[in-house]
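*Asks:* Residue numbers (the working numbering), protein chains in the order written: chain A, 1 to 290; chain B, 1001 to 1324; chain C, 2001 to 2324; chain D, 3001 to 3498. Here a beta-carbon is modelled for each residue, glycine too, at the ideal position from N, C-alpha and C.
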Amino acid sequence: ACSGGSSSKDGAKNISILTPFLSSVTTNEMVEALKKQAEDHGWKANVIDTKGDVGQLASRMEDVIASKTDAIVIVSTDPNQLKAQIQSAKDKGIPVLGCDSGYIDGMTMNATSDNTEMSKMVTTHLFDSLGKKGNLVVLTYRAHPGVLKRTLLLDEMLQQNPDVKKVTEMQVEVPGPIESARKEMESLLLANKAEGSITAVWTGWDEPAIGAAQAIEASGRKDIVVIGIDGNSQAVDMIKKGSPLVATVKQNFPGMAEIVAQQLENVFQGKEVEGTELYAPASLITKDNA
Amino acid sequence: METTKITKTSSSVQWSKLFRSYGTVIAGILIIIMFSVLNPGSFATLDNAINISRQISFLVIIGIGATIVMSVSEFDLSIGAMASLGGVIAAKIIASGGPLWIAFVVPVLVALIIGFINGWIVTQFRVLSFITTLAMSTVLGGFTFWLTGGATIFENIPDSFRYIGQKSLGSIPMLSIVMLLVTILFWYVMTQTAFGRRLYAIGGNESASRIAGLRVKWNKNAAFALGAALAALTGVLMASRLGSAHPTAGNGLFLQAYAAAYLGMTSFKEGVPNIWGTFVGAAIIGVLANGLTIMEVPTFMQDVITGVIVIAAVIMQRLGRNAQ
Amino acid sequence: METTKITKTSSSVQWSKLFRSYGTVIAGILIIIMFSVLNPGSFATLDNAINISRQISFLVIIGIGATIVMSVSEFDLSIGAMASLGGVIAAKIIASGGPLWIAFVVPVLVALIIGFINGWIVTQFRVLSFITTLAMSTVLGGFTFWLTGGATIFENIPDSFRYIGQKSLGSIPMLSIVMLLVTILFWYVMTQTAFGRRLYAIGGNESASRIAGLRVKWNKNAAFALGAALAALTGVLMASRLGSAHPTAGNGLFLQAYAAAYLGMTSFKEGVPNIWGTFVGAAIIGVLANGLTIMEVPTFMQDVITGVIVIAAVIMQRLGRNAQ
Amino acid sequence: MSLLEVKQLDKRFGLHHALSQISLSIEAGKVLGLVGENGAGKSTFIKIITGVYAPDGGSIYWNGQLETITSPRDAHRLGIHVLHQDRHLIPAFSGYENLYLGTDIPQVKFGLRIRWHEMKRRAEALKKELGMELDLDKTAEEMSPPERTLLELMRVMMQDCKLLILDEPTASLTDQETEILFRLIQQLTAQGTAILYVSHRMEEIFKLSDHIAVFRNGKNAGTLQREEANLNKVISMMTDTDYQAAATHERQDASMNPVLLSVNQLSTVDGRVKPSSLQVHAGEVVGIFGLAGAGRTELLEAIYGTRSIQEGEVVISGKSHRRMSPQKALEAGMVFIPEDRRSEGLVMGMTIRENMTLPRLQHFSSGLYVKQRKEKHAVRQWMENMNVKAVGSEQTVSELSGGNQQKVVFAKALMHEPILFLCDEATQAVDVMTREEIHRLLREQANQNRGVLYVTSDIHEILDVCDRIYVLREGSIVSEIAGGEATSEQLLQICYNR
Ligand SMILES: Nc1ncnc2c1ncn2[C@@H]1O[C@H](COP(=O)(O)OP(=O)(O)OP(=O)(O)O)[C@@H](O)[C@H]1O
Ligand SMILES: Nc1ncnc2c1ncn2[C@@H]1O[C@H](COP(=O)(O)OP(=O)(O)OP(=O)(O)O)[C@@H](O)[C@H]1O
Ligand SMILES: O[C@@H]1[C@@H](O)[C@@H](O)CO[C@H]1O
Ligand SMILES: [Mg+2]
Ligand SMILES: [Mg+2]
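1. Mind pulling the chain C residues with CB within less than 8 Å of residue 175/A?
2. In angstroms, rounded to a whole number, what distance separates the CA positions of residue 3464/D and residue 3179/D?
3. Can you tell me whether DSSP reads residue 3452/D as helix, strand or coil?
4. How do the stretch 123-132 of chain A and the stretch 82-94 of chain A stand: do at least 3 beta-carbon pairs fall below 8 Å, yes or no?
5. Is residue 3431/D near ligand 4, going by C-beta to nearest heavy atom under 7 Å?
6. Among 1230/B, 1294/B, 1279/B, which one has its Cα closest to the Cα of residue 1113/B?
7. Grouping DSSP H, G and I as helix and E and B as strand, with all else coil, what is residue 2004/C?
8. Would you say residue 1091/B and residue 1062/B are within 8 Å of each other, going by their C-beta atoms?
9. Which residue comes first and which comes last in the beta strand (DSSP E) that contains residue 202/A?
10. Cβ of residue 2301/C within 8 Å of Cβ of residue 1149/B?
11. Can you give the Cα-Cα distance for residue 2217/C and residue 2079/C, rounded to whole angstroms?
12. Give me, in chain order, the residues of the same chain whose beta-carbon lies closer than 7 Å to that of residue 1009/B; leave out the 5 immediate sequence neighbours on both sides.
13. Can the beta-carbon of residue 1284/B be found less than 8 Å from the beta-carbon of residue 1067/B?
14. How would you call residue 2200/C, buried or exposed, if buried means at least 16 neighbouring beta carbons within 10 angstroms?
15. Return the residues of the stretch 2102-2130 of chain C that lie within a Cβ-Cβ distance of less than 8 Å from chain B, sorted by chain order.
16. With a Cβ-Cβ cutoff of 8 Å, do residue 227/A and residue 205/A count as a contact?
17. Any heavy atom of ligand 1 closer than 7 Å to the Cβ of residue 3390/D?
18. For ligand 1, I want to know if residue 3083/D counts as a neighbour, meaning its beta carbon is within less than 7 Å of at least one of the ligand's heavy atoms.
19. Classify residue 274/A as buried or exposed, calling it buried when 16 or more other Cβ atoms lie within 10 Å of its own Cβ.
20. Going by DSSP, which residues form a beta bridge with residue 3281/D?
21. State the beta-bridge partners of residue 3319/D as determined by DSSP.
22. Tell me, please, which residues DSSP counts as bridged to residue 3334/D.
23. Please report the distance separating the alpha-carbon of residue 3235/D from that of residue 3407/D.
24. Determine the direct distance from the alpha carbon of residue 1257/B to that of residue 1060/B, and round the result to whole angstroms.
25. Any heavy atom of ligand 1 closer than 7 Å to the CB of residue 3394/D?
26. Residue 3202/D: which of 3181/D, 3217/D, 3229/D, 3192/D sits nearest, CA to CA?
27. For residue 3084/D, which residues of its own chain have a beta-carbon under 6 Å away from its beta-carbon, when the five flanking residues on both sides are left out?
28. With a cut-off of 8 Å, does the C-beta of residue 2166/C fall near any C-beta of chain A?
29. Beta-carbon within less than 7 Å of residue 2025/C's beta-carbon, same chain only, minus the 5 sequence neighbours each way: which residues are those?
30. Run the proximity test for residue 3088/D: is its beta-carbon closer than 7 Å to any non-hydrogen atom belonging to ligand 1?
31. For the putative contact between residue 3223/D and residue 3199/D, defined by C-beta atoms under 8 Å, what is the C-beta separation to the nearest angstrom?
32. What I want to know is whether the C-beta of residue 3013/D ends up closer than 7 Å to one or more non-hydrogen atoms of ligand 1.
33. For residue 2309/C and residue 2030/C, what's the separation of their Cα atoms in angstroms?
34. Near ligand 1, which residues have their beta-carbon closer than 5 Å to a heavy atom?
35. Which residue from 3043/D, 3289/D, 3212/D puts its Cα closest to that of residue 3481/D?
36. Closer than 8 Å, CB to CB, is residue 2272/C near chain D or not?
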């Protein structure tokens, strides 16, 4: 069956956008882009945020299924945590699309930047600029599925480059990643005072990168570089101004939103989707192109 | 002992008594009526009722855990972390091919022990439970992280494990049935058995209870152990429902569990944590979230409305009281 | 006539008294010594001391807010959300070109009003503060979200706004200075003024205080207002430090603030929330995080160790007491 | 062989010796009276032999066997039960539930369920047997102080008691309930139960005891046979000075003096006080008498502003108030000494100093800070005046003996330099000397043209102290008599409406 049913009175399609991470800068950007796309297509968009709580997200997803929404877009969410709900949406004929999420059986499709790919891009850049050797601090948050993928790629590359030493890995507190990363970095700088004892900071996304760069800047140390992933505007701004933050990967969030919207339009028109896992290409940002 | 002032009966007093005892229940009913009128097609359906009953099951069960600890006038702030850990342990066991019943029993046993340790620290050294369980929560969080490496466990989870979380008996979800059984069981334990009354006695006046000869430490430890066990059970059920276990899955439940329990304290037995009250509290929270989502109220407005309605509900109940 | 004379003797009693009053302080000193021995080059340096003093400044200030509300035997669970809102309001004002002092004063004034409303609901309708402030926290969260659309505010923040958060006076960070001023001010208010004495009396026995002629409602409302104001100030300072305001920046502080306050209740005045105690509590939490990070202990082990040390610290203090 | 024998019992609190070298024995079937000044160590002694406190030295023999009693459970096991000086009830529990706390509650097999009906039936049967009137459906917090005492007494009676300890059981009981208690004591001793009876009411001690033990400053100052005991002798032993009972005071005729307090047709919202009027003239001590539950406490609360007024007015020094509040009352110079000192009189966690100065804090405050030296000075003065036995002004009141706490409450009121005193059972728990001192102080206040409104359950006390007595019955003032002429029979007749 295609679109499940009760569109609103004026005939417009209702789409429900669900995420647990609306307060994350990038997720927010993506949701905004999705809303804009929906408007352009003449759909009504309803955004639901559960503030980091995935259990809640499952409940809210059930609610929109019960209220017979026309489509569901899950943003920045690991679909493995919503298997049952995705199945029941499918049973009711409600398409579930992912935006920066992941694809599992039962979903229509997912558009994302390839987390592994992005991590590879920026990590390779970093390792190259270090001459494949140095001392690396890792600030990450493995509880986030996307960030986890990036960190796993790093783990792999560290194995391949034995001269890049991991000084330590710290998990950043969420919420409050900037402040938390900043504090951790301040302490680590004091613990490693010798020049060269830390040569770079690898972070799982831009917010900890910003915190770490602020700490390095305040300490006056010139020999440490930071990389992030996301390309959020504060980070890009810092790269431009020449802070310790030297590179990030700009995810094409509007692009992802556009892909999702296109595929959804296909679904509404009863056409096939172009693929289940579609990528919006991400690009490396450094001082040269910031 | 605080002396409250009393009055004689009259019809206005009857009303106010009704409000005082059932104020929150009435508020809950009003909320349901409101959503039904505004949204008959989606909200006031059997499907949605079933849906809500399943959604609140976690909150009810963990809330009952919180309530039991509150009945002895203590707090367990580690229930959220305990739920996360419980889910992770269960998922680990089942993913590595362990039998189903082991996946349910081990987390609960672990929780009984951890709860007992919480209780022991609190009663043996007379440390405030607030700081003890907050610290324990940190410990459990670290432990969960160590078990999972921070990642969600979702591979190799067999369908059998998802049975309770995802299947229904006829049209009634298994989760709703478990929730009802837990509620009735603990209502019974807390109100009809000597053990339950002892817990309330200790919560009502610890030194009087000691002087009356109750084994205060033992009973308190038992309350902490039961509370933790219910939290772990919640975590296991969540994992079963989601078919995966996230290392922080239960954390978000912790404040909500106390919200439910405190809302519940305004129902039935005023000022006393009680099982059905917690059930009603959890139901109000669940209905609000469901109804507002169905009405497509934007998230931030949902927050504002939820907060305001909760405050209004408790004030309403108090007005019943003050009218006296 | 005769006040019983006591003889100063028995050195074991002296020791246990020392532990009882300063147990947590001693534990804190032991922790510092431990880190200094393990890591003399990095931990035990002036730089790091300054660093820690800045890092704990937020926790100390918001913790003092929590302490003031606890002194009247109430809870304010909305301080985290209040801090977030405070930071956002300040950032909004400054980003839209408002003058610096307005960006500091408006959030604090808004907080005074919100805190007063919390107090009013609690005292006027005699609703439990736990549920009132939890609901208020939801409302504030929604409101903050509405203000920001969920996004971080970082554009158009002038350097002047970052001054307090990022600069130092000589080598002492402005934040540390603000923290000390706030601590000393509220230590003075709570212990040396009639107002502070009244708050503690109300917290100790509300009906006895009423009979002694204290204006219980008014004083409680004032405590809530002050608590909220300090939370908002914390949020503004955080925004100033980060040069940006995140809609959930302060939320993580809420539980830590209570951890600090409860740890503090085991120092100085036993069982009584007190300002210097909270300071020590926050310092212990801060030193642990700093020291363990410097030692490059993995995060999950940090959690476990922190939890265990906090429990050990409070137990140590109790042992001092029980030795009596 | 004695039922209970203690040897060389010691107890310290910090550096303070509450008990030193106490030796004492109690015989089956006998009543041992225990007397001593406030803070002499009576309650501490009881708490040690019932396992509430651990002793720092000494030994306890039960039927000649050495025993260590480490918890109230141990004491119960031996058959030692106690009615402590302060009530120990669960506020939110009904009378029934409180009654069964810690005793064998009727249950079905395996403790699977409480048999509520059986529980009530047994309780009602006991109540009838004891001849008590008490609504056990009420929760403990809804009961008045005397009702709570009766409830705890019933609880004790449910047990198989070999030694019953009563710590000032009659402190707020009226004659009626006191009679019940005495009857029970007789029944119990006849069955061979030993009784340890602590009281500051000497006539009770002389009436009940077979022997009288006297504590002084934590030491046993000696045990007397009833026959050899008399008031002056006992008190001399308690205080280690020669004691002569004070002469009864001169009574005042103050009817010509200006009216300080006039209560006109006052009634309360909850209906506990029906429209009532009374006057207190300058220089007068006016009593209010009634049976338990007559509404005396409520009337005082309404006057002071802690119970909502329905109609009527309170006129203080000519100024009329239709809505009262403690602030207004204090401003007008009226203080209230509440009946329930733990929950309404004191902030238990604060020091003596902080408690005493609480209503007058602005007086010690410069606006910016509290002048603690001035505070300490004033507090020490009053502690001396009231003979408060404590380590110093900085001691926490929860650490004081019951009587000394009451003295702090009283000193707090006096410190306010009021013109009007509302006293509800003001002399409960204080020792004989202090009681006389309080009476003397109040009379002195009256002589300085101040007024006192005095509520007590002790009929002798009210006849002794008051110039004029109002009798309250079911919330209404039914009679007014001059104190000098009244007799106890007369008062009770009015109360019972005979
Ligand atoms: N918990 C405590 N901490 C410190 N001192 C205490 C404590 N309990 C009692 N004391 C002290 O021990 C002494 C004896 O007190 P106790 O209560 O036994 O006196 P009491 O004879 O019962 O007096 P009262 O007639 O006033 O009831 C007093 O000086 C009191 O201050
Ligand atoms: N808070 C309360 N709730 C319900 N009933 C109460 C409460 N307080 C008192 N009562 C009832 O009111 C009656 C009288 O109370 P109270 O004892 O205060 O009166 P009283 O005249 O001052 O007598 P007394 O001073 O001897 O206690 C009691 O019989 C009791 O049943
Ligand atoms: O995908 C984004 C990541 O890039 C990071 O910003 C964390 O939040 C997620 O939503
Ligand atoms: Mg005593
Ligand atoms: Mg009374």
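*Replies:* Here's the rundown:
1. 2246, 2248, 2249, 2251, 2252
2. 21 Å
3. strand
4. Contact between the stretch 123-132 of chain A and the stretch 82-94 of chain A is absent, with fewer than three C-beta pairs closer than 8 Å.
5. no
6. 1230/B
7. Bear in mind that a pLDDT of 36 at residue 2004/C, under 50, signals an unreliable position, so the number given afterwards is only what the model happens to contain. Residue 2004/C: coil per DSSP, three-state reduction.
8. No, Cβ-Cβ distance for residue 1091/B and residue 1062/B is not below 8 Å.
9. Residue range 200-203 is occupied by the beta strand (DSSP E) that includes residue 202/A.
10. Against a cut-off of 8 Å, the Cβ pair of residue 1149/B and residue 2301/C comes out as no contact.
11. C-alpha separation (whole angstroms): 20 Å.
12. Legend: pLDDT at residue 1009/B = 43, less than 50; position of this residue unreliable, no value from coordinates given.
13. no
14. Under this definition residue 2200/C is a buried residue.
15. 2121, 2125, 2126, 2127, 2128, 2130
16. no
17. yes
18. no
19. exposed
20. 3259/D
21. 3316/D
22. 3420/D
23. 19 Å
24. 8 Å
25. no
26. 3229/D
27. 3167
28. Chain A, which has a Cβ nearer than 8 Å to the Cβ of residue 2166/C, makes this yes.
29. 2267, 2280
30. no
31. Not really, about 16 Å apart at Cβ, beyond 8 Å.
32. yes
33. 11 Å
34. 3013/D, 3018/D, 3038/D, 3039/D, 3040/D, 3041/D, 3042/D, 3043/D, 3044/D, 3399/D, 3400/D, 3401/D, 3402/D, 3403/D
35. Nearest C-alpha to residue 3481/D: 3289/D.
36. yes
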